[in-house]
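Some notes on the structure that comes next.
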Amino acid sequence: MARRCLYLLALGGVLLLGIATFSRSKGLRRSLRGAASRIPSQFSEEERVDMKRRFSISDCLTLTGAIQIPTVSFTSEDYNTTALAEFGEYIYKVFPTVFSTSFIQHEVVGGYSHLFTVQGSDPSLQPYLLLAHIDVVPAPAEGWKVPPFSGLEHDGFIWGRGTLDNKNSVMAILQALELLLIRDYIPQRPFFIALGHDEEVSGKNGARKISTLLQARGVQLAFVVDEGSFILDGFIPNVKKPFAQIAVAEKGSINLMLQVNVTPGHSSAPQKETSIGILAAAVSRLEQTPLPNMFGDGPLKTTLELLANEFSFPTNIILSNLWLFWPFVRRFLERNHITNALVRTTTALTMFNAGIKVNVIPSVAQAVVNFRIHPAQTVQEVLELVKNIVADDRVQLHVLSAFDPEPVSPSDNQALGYQLLRHTIHSVFPEVSIVAPGTCIGNTDSRHYKNLSNGIYRFNPFYLRPQDFTGIHGLNEKISVQAYETHVKFIFELIQNADTVRVSVPHVHEL
Ligand SMILES: CCCCCCCC/C=C\CCCCCCCC(=O)N[C@@H](CC(C)C)C(=O)O
Ligand SMILES: [Zn+2]
Ligand SMILES: [Zn+2]
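Following this line, the structure appears as structure tokens:
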């Protein structure tokens, strides 16, 4: 009842104070009504300890925290459903306000994914969507300095599988909302929170089903925010300071199985070529023949132009004059495996199986090659190129799964989602002067939502160095306590900014 009264009071305030003014940022407008009720993103010592515990080790008696629940996905048919169910109960327990607020609906979709609908006091505003995923990739304990599902804190870091990918987002989103609600914040703009349970193995039972459900309800989203890019620190040699990259594009993917069948036989009298030899030669040709360098197409050129002044001489001059130096830059970028992934469709040999006994020529040899498709290419174009490189009719090509790159989302002054992220990055990370559009080289659940919005942005609000990147899907994944707190602060600010910041679109009254 009290909350309902507050809601009506806030609505009245909104109507009375519905006057808008332009902020200093180009293209952004801040409404006075929102500015008046802004809640500072300051958390008490007790709240900070609590948020850390919920994320890592909830309390000493039950020894359970988000990182400690092993929500592992192995394949799209095999994931730890017990842990996923436990995670659902866990968030219900530790975020009581989110679950008991009258203007928030919670639904379980696809068995273990969660959809929260936050109504918002101004239904005329187009809703947005915050995405994260609950599942994690497997983490065998070998090679880890602490057990991967311990959630232990050491030297200011919380260790464990999912600390960067992606329980940090799951928990930070719910934590920020919980704290806003406790402070009686009533969002104006409606939004959704979708927490997928099978992102690491395709998202077909989680994100895809949530997307279908929202589409059936006629929802169109102003923008979507997901994982997939960071404040990058040290990824480009010689760049002086970290910069925030919002991924506006996402590469496509093909998993291609190559198969060779021959008549099996005794190894004492082999034919000139075996199934293994034919297949090995084919995959070697693929590895030795990189697909074309596509530098110039896609957002990378814009990123480099924006970064030009962050380099010392002569790189700054080279990047400011790409019209002249692009052939040189194009070649330079392919020398490093990460920047190489930005300029072309990559070819990764990921599986190879053949043989049943030491003295039997195997009848069948199979390999799987994973291609990550550059935003300016398509599945069909890549398959055509691959056929020509393999150039051997004895090698059958079977597409196991494939999807085209995602459409490039807008990053201009009128792009609400991009501008909101940019604005929030500048306020939460004032030391970061450059925010640039870029490409996500992996795949995210956000691709399942392209039917609902053309503004899909992938950004995690924390610093990532190359050595941190090795922890994602690798060993010793960890996040600093401070980075997690800042993640919560970022979402806390973002939700409020979505209510107060508007982009100015000529002749259009509302987005
Ligand atoms: C000029 C800028 C330099 C750019 C540096 C880029 C550094 C990129 C660092 C990290 C990219 C991480 C991408 C995170 C999302 C990947 C999530 C994932 O693993 N998804 C699976 C999905 C699949 C459908 C199972 C995947 O394999 O991609
Ligand atoms: Zn992830
Ligand atoms: Zn992942």
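Quick note, the sequence shown lines up with residues 1 to 511 if you use the UniProt record's numbering. Don't be surprised by glycine CBs; every beta carbon is placed ideally from N, CA and C.
CB contact flag (residue i, residue j, <9 Å)
i           : j      : result
Thr339      : Phe371 : no
Gln215      : Asn497 : no
residue 521 : Thr444 : Coverage of the chain is limited to positions 1 through 511, which leaves residue 521 absent and any answer about it impossible.
Thr486      : Val428 : yes
Arg422      : Ile236 : no
Ala282      : Gln126 : no
Ile291      : Val382 : Contrary to the premise, residue 291 reads as Leu rather than Ile in this sequence. Yes; because the gap between Cβ atoms is below 9 Å, this pair is in contact.
Thr378      : Pro407 : no
Ser41       : Lys489 : yes
Gly165      : His473 : Before going further, note that residue 165 is Asp rather than Gly in the sequence given. Taking 9 Å as the Cβ cut-off, Asp165 and His473 qualify as a contacting pair.
residue 512 : Gly471 : Outside the shown range of the chain (1 to 511) lies residue 512, about which nothing can therefore be said.
Phe230      : Asn476 : no
Lys258      : Leu397 : Just to set this straight, residue 258 is Leu in the shown sequence, not Lys. Closer than 9 Å, so yes.
Phe295      : Val248 : no
Ile158      : Ser480 : yes
Ile104      : Thr163 : no
Own chain partners of residue i with C-beta closer than 6 Å, once the 5 adjacent residues on each side are dropped
i      : result
Phe325 : Ile318
Ala365 : Val260, Ser275, Ile276, Leu279 and Ala354
Ile193 : Phe116, Leu130 and Ile173
Thr289 : Ile389
Val435 : Ala244, Arg422 and Ile425
Residues near residue i in its chain [Cβ-Cβ closer than 7 Å; skip 5 each side]
i      : result
His106 : Phe99, His114 and Phe116
Arg24  : Reliability of the predicted coordinates at Arg24 is poor, the pLDDT of 30 falling under 50, and no value is obtained from them.
Ser401 : Asn255
Glu287 : Thr347 and Leu349
Leu416 : Ala222, Phe223, Gly455, Val503 and Leu511
Pro264 : Val360, Ile361, Pro362 and Ser363
Start-to-end residues for the beta strand (DSSP E) that takes in residue i
i           : result
Lys357      : Taken as a continuous stretch (DSSP letters only), Lys357 belongs to no beta strand (DSSP E), as it is neither H nor E.
Pro437      : Val435 to Cys440
Asn370      : Val364 to Ile373
Val248      : Phe243 to Glu250
Trp326      : Element bounds for Trp326: not the beta strand (DSSP E) but the alpha helix (DSSP H), Leu322 to Leu333.
Gly417      : Looking at the DSSP string, Gly417 is not in any beta strand (DSSP E); the run it does join, the alpha helix (DSSP H), is Leu416 to Val428.
residue 531 : Residue numbering for the chain in the displayed model covers 1 to 511; residue 531 lies beyond these limits and cannot be assessed.
His473      : Looking at the DSSP string, His473 is not in any beta strand (DSSP E), and its letter there is neither H nor E.
Arg458      : Ile456 to Arg458
Counted within 10 angstroms of its Cβ, other Cβ atoms place residue i as buried (16 or more) or exposed
i      : result
Arg335 : exposed
Pro242 : buried
Lys478 : buried
Trp323 : exposed
Asp198 : buried
Gly34  : Residue confidence for Gly34 is low, a pLDDT of 43 falling below 50, so the modelled location carries little weight; the figure read from the coordinates is stated next. It counts as buried.
Glu46  : exposed
Val49  : exposed
Ser312 : exposed
Gly156 : exposed
Val72  : buried
Ala269 : exposed
Ile57  : buried
Pro70  : buried
Lys93  : exposed
Asp412 : exposed
Pro466 : exposed
Arg399 : The displayed chain sequence assigns Val, not Arg, to residue 399. So Val399 ends up on the exposed side.
Asn321 : exposed
Thr439 : buried
Lys52  : buried
Val108 : exposed
Met171 : buried
Ala391 : exposed
Ile356 : exposed
His154 : exposed
Glu142 : exposed
Glu493 : buried
Val239 : buried
Gly218 : exposed
The alpha helix (DSSP H) enclosing residue i, as first and last residue numbers
i      : result
Arg217 : Looking at the DSSP string, Arg217 is not in any alpha helix (DSSP H), and its letter there is neither H nor E.
Asp468 : Pro466 to Phe469
Val170 : Lys167 to Ile182
Glu305 : Leu300 to Leu307
Thr444 : First-last for Thr444: undefined, no H or E at that position.
Cutoff 8 Å; reference residue i; Cβ partners in own chain excluding five residues on either side
i      : result
Gly111 : Thr81, Leu84, His197 and Asn205
Arg38  : Gln496 and Thr500
Val137 : Val72, Ser73, Arg161, Asp165, Glu200 and His473
Cys5   : Reliability fails at Cys5, whose pLDDT of 35 lies under 50, so the model's placement of it is uncertain and the value that follows must be treated cautiously. Correct list: empty, nothing qualifies.
Fill in: Any heavy atom of ligand 3 nearer than 6 Å to the CB - residues listed
Val137, Asp165, Glu200 and His473
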